[in-house]
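According to the numbering used here, numbering within the sequence shown proceeds without interruption in unit steps and concludes at 291.
The beta-carbon is built from N, C-alpha and C at its ideal position, and this holds for glycine as well.
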Amino acid sequence: IRGALTELQQQVAQQETISRALLDMNYVASDRAQAFSARLDELELKTRPTIALDNAYPPYIFKDQNGVPCGILVDEWKLWEKKTGVSVELLVLDWAAALAAFDSGKADVLDTAFKTPERMRAYDFTDPYAVLEVPVFFSKSVSGIADTAALRGFMIGVKKGDACVDVLRKNGITAFREYDGYESLVRGAVSGEVKVFCADKPPAIYYLVRMNAEKEFRYSFTLYTGEFHRAVRRGNADLPRHNGPAQPVPP
């Protein structure tokens, strides 16, 4: 993490700016959110859709101190509502609960979704709208973690329902401690419940810095690179496929 300190500071500064603006009630859709939303009008849902998404993935989606969802994706869906005239309901949940809501039919669209072989059998996906690194983080008291083989013997902290669990299992890693979200995962690592954890880079770095623990953890390799998509259940005739944002927006 030491080598990425400048990046961490930039990300935290950006997210603190977002949070302050939201709390001041003066927040308007940013240029970045508008760029993300460039092709949302291609999603032509005919009825009020329910969108299930993660509740703790800053800066894309998170809750303010009053529990109100905010972030880039909230702005994106608001812009989509304005363009289409169709209101949406955002179902902002712990990731495992968001997956369960989508799979049970309580939600029409799954947002903040990585494409995995298992999900591809059941979901139709949009084109990706963000590219995200997924490193393995470890305490500075641990040394010698350079690849997945070095993870054997460690209890790995993970978020329930995270795609990284499937990737780790395919590499022979089976000892996990699950957490409801990235915030509780990072808090568990900081408190010493686990010394190693796998998490998407943006929220992991955000919470490490917010907890003043960025110097206590580091990472030496990226497990894989994932992409954010939106998804509908395969074969759902009422929800046509759509492409989402045109391309990832540079940081």
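Rounded to whole angstroms, what is the Cα-Cα separation between residue i and residue j?
| i | j | result |
| --- | --- | --- |
| L119 | D167 | 19 Å |
| V230 | G111 | 25 Å |
| F102 | P242 | 12 Å |
| F261 | A271 | 29 Å |
| T214 | L208 | 7 Å |
| G244 | G193 | Checking the sequence shown, residue 244 turns out to be Ala, not Gly. C-alpha separation (whole angstroms): 22 Å. |
| V149 | F142 | 7 Å |
| Y97 | S224 | 12 Å |
| R274 | Y169 | 20 Å |
| V114 | K122 | 13 Å |
| R217 | A186 | 21 Å |
| R258 | V126 | 44 Å |
| F76 | G107 | Reliability fails at F76, whose pLDDT of 39 lies under 50, so the model's placement of it is uncertain and the value that follows must be treated cautiously. The straight-line gap from Cα to Cα measures roughly 24 Å. |
Between residue i and residue j, is the Cβ-Cβ spacing less than 7 Å?
| i | j | result |
| --- | --- | --- |
| G266 | F178 | no |
| G184 | A190 | yes |
| T152 | F237 | no |
| M195 | V249 | no |
| V174 | D240 | yes |
| V132 | P89 | no |
| V176 | L263 | yes |
Strictly by DSSP, which residues pair up with residue i?
| i | result |
| --- | --- |
| P293 | Residue 293 is absent from the structure shown; the chain starts at 41 and stops at 291. |
| F102 | C110 |
| G197 | R217 and F237 |
| L133 | D94 |
If you follow the alpha helix (DSSP H) that residue i is part of, which residue opens it and which one closes it?
| i | result |
| --- | --- |
| F216 | Segment F216 to Y219 is the beta strand (DSSP E) holding F216; no alpha helix (DSSP H) there. |
| G145 | Here G145 belongs to no alpha helix (DSSP H), and DSSP marks it neither H nor E. |
| G228 | Y222 to V230 |
| Y246 | K241 to R250 |
Could you round the C-beta distance between residue i and residue j to whole angstroms and report it? I think they count as a contact, below 8 Å.
| i | j | result |
| --- | --- | --- |
| D94 | A147 | Rounded, the Cβ-Cβ distance is 12 Å, inconsistent with contact. |
| K199 | Y222 | 6 Å |
| D220 | D104 | Not really, about 18 Å apart at Cβ, beyond 8 Å. |
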